[in-house]
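*Asks:* Take a look at this one; I'll ask things after.
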Amino acid sequence: MINKNLKIKKVIQSTLTAVGMDLEIQEELSGINMSYNFILHYIGYDVIRIKSAIKEVPDAISLEDYIKTFSLHELGHAIDRESLLGSLDRTIEIYKMKQKHSIEEKYHDMSLLSMLIEEHQMNIAFEETAWRNAEKLNRKYGLVDWLTFNFLRNMGLNTYIETYEKDLLLLDDLMNRESGQIA
Numbered sequence: 000m001i002n003k004n005l006k007i008k009k010v011i012q013s014t015l016t017a018v019g020m021d022l023e024i025q026e027e028l029s030g031i032n033m034s035y036n037f038i039l040h041y042i043g044y045d046v047i048r049i050k051s052a053i054k055e056v057p058d059a060i061s062l063e064d065y066i067k068t069f070s071l072h073e074l075g076h077a078i079d080r081e082s083l084l085g086s087l088d089r090t091i092e093i094y095k096m097k098q099k100h101s102i103e104e105k106y107h108d109m110s111l112l113s114m115l116i117e118e119h120q121m122n123i124a125f126e127e128t129a130w131r132n133a134e135k136l137n138r139k140y141g142l143v144d145w146l147t148f149n150f151l152r153n154m155g156l157n158t159y160i161e162t163y164e165k166d167l168l169l170l171d172d173l174m175n176r177e178s179g180q181i182a
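Counted from 1, the sequence shown has number 107 at position 108 by numbering that gives the first Met the number 0; the numbering is strictly sequential.
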């Protein structure tokens, strides 16, 4: 257990070193395998989630390649830090709305649901940019084979796209119901 925890941190650190980027690494209990905190400029990782997530990928993908790929992805966010910081005011507005309103309110009010859709769109745009940046790093440094990299990129992006599409369907349904009430 301790050896695997140390291995995870060492692989993250070796990936950062290999690409010449110096960021702090913090172990967290967030339920998210790896994340980039753009405000405090560090990479967080959750050992428990990583150990669970690696079971969700084909056996051919090693723990080391999984960690390297997602480390490159988080570094991709770090490269895009200025854009992330530029979104902070709107992100805070959306966060406050989410804290203020119940799930039922958010999904039954068109303006609130539209804010959730906007958040999804922002997240997808940031994710796509981070993956493009990660791809550039991998092209330059050759840390992960492309089959593995592309599989994990698609898997990662799909989690964002699937939730966005579900909420988009709910927004369409809400719009149809409201337009039916008006007619």
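The C-beta atom is built at its ideal place from N, Cα and C for all residues, glycine as well. Source: prediction; values computed, not measured.
Please name the residue or residues paired with Q12 in a DSSP beta bridge.
*Replies:* Here residue 12 refers to the residue found at position 13 of the sequence shown. Looking at the DSSP assignment, Q12 forms no beta bridge with any residue, so it has no partner.
*Asks:* DSSP beta-bridge partners for I42?
*Replies:* Here residue 42 refers to the residue found at position 43 of the sequence shown. In DSSP, I42 forms a bridge with I24, Y35.
*Asks:* What's the C-alpha gap between A129 and I49?
*Replies:* Numbered from its first residue, the sequence shown carries residue 129 at position 130. Numbered from its first residue, the sequence shown carries residue 49 at position 50. Cα-Cα distance, rounded: 19 Å.
*Asks:* Compare the Cα-Cα distances from E117 to each of T16, E126, R89 and report the closest residue.
*Replies:* Numbered from its first residue, the sequence shown carries residue 117 at position 118. It is R89 whose Cα lies nearest to the Cα of E117.
*Asks:* Kindly indicate which three-state DSSP category I30 falls into: helix, strand or coil?
*Replies:* Residue numbering aside, residue 30 sits at position 31 when the sequence shown is read from its first letter. As written in the sequence, residue 30 is Gly, which differs from the Ile given in the question. Note: G30 maps to coil in three-state DSSP.
*Asks:* So is E73 buried or exposed if we call it buried at 16+ other beta carbons inside 10 Å?
*Replies:* In the sequence shown, counting from the first residue as 1, residue 73 sits at position 74. Per the 10 Å Cβ criterion, buried.
*Asks:* Which value, in whole angstroms, describes the spacing of the CA atoms of A182 and D172?
*Replies:* Taking the first residue of the sequence shown as 1, we reach residue 182 at position 183. Taking the first residue of the sequence shown as 1, we reach residue 172 at position 173. With a pLDDT of 47 at A182, under the threshold of 50, the predicted position of this residue should be treated as unreliable, though the coordinate-derived value follows. Their backbone Cα atoms lie some 15 Å apart in a straight line.
*Asks:* So the candidates are N137, T162, V46, E26; which of them puts its Cα closest to the Cα of G19?
*Replies:* Translated into positions along the sequence shown, residue 19 becomes position 20. Among N137, T162, V46, E26, the Cα nearest to that of G19 is on N137.
*Asks:* Please list, in chain order, all residues of the same chain as F37 whose beta carbon is under 7 Å from its beta carbon, the five residues on each side excluded.
*Replies:* Sequence index remark: in the sequence shown, residue 37 carries index 38 (1-based). Around F37: H76, R80, L83, L84.
*Asks:* May I ask you to report which of helix, strand or coil DSSP gives A182?
*Replies:* Looking up residue 182 in the sequence shown gives position 183. Only weak support exists for where A182 lies, its pLDDT of 47 falling under 50; the coordinates are left without a value.
*Asks:* Could you tell me if D144 is buried or exposed, where buried requires 16 or more neighbouring beta carbons within 10 angstroms of its beta carbon?
*Replies:* If you number the sequence shown from 1, residue 144 lands on position 145. That one is exposed.
*Asks:* Starting from K67, trace the alpha helix (DSSP H) in both directions and tell me its first and last residue.
*Replies:* Within the sequence shown, residue 67 is the residue found at index 68, counting from 1. Per DSSP, K67 belongs to the alpha helix (DSSP H) from 62–78.
*Asks:* Alpha carbon to alpha carbon, how far is S178 from T68? Give it in angstroms, no decimals.
*Replies:* Position 69 of the sequence shown, counted from the start, is the residue given in the question as residue 68. Position 179 of the sequence shown, counted from the start, is the residue given in the question as residue 178. Straight-line Cα distance between these residues: approximately 45 Å.
*Asks:* Report yes if the C-beta distance between K6 and I24 is below 8 Å; otherwise report no.
*Replies:* As a first step, residue 6 is located in the sequence shown; it is residue number 7 there, counting from the start. As a first step, residue 24 is located in the sequence shown; it is residue number 25 there, counting from the start. Result no, Cβ atoms of K6 and I24 do not sit closer than 8 Å.
*Asks:* In terms of alpha-carbon separation, which member of M114, L115, Q120, R152 lies closest to N132?
*Replies:* The sequence position of residue 132 within the sequence shown is 133, counting from 1. When each option's Cα is compared against that of N132, the closest is R152.
*Asks:* Label N175 either buried or exposed according to how many other C-beta atoms from any shown protein chain fall within 10 Å of its C-beta, with 16 as the threshold for buried.
*Replies:* On the sequence shown, position 176 is the one that residue 175 refers to. By the neighbour-count rule (16 or more Cβ atoms within 10 Å), N175 is not buried but exposed.
*Asks:* CA-CA distance, P57 and G30?
*Replies:* For the purposes of this step, residue 57 is taken as residue 58 along the sequence shown, with counting starting at 1. For the purposes of this step, residue 30 is taken as residue 31 along the sequence shown, with counting starting at 1. Answer to the nearest angstrom: the Cα atoms are 21 Å apart.
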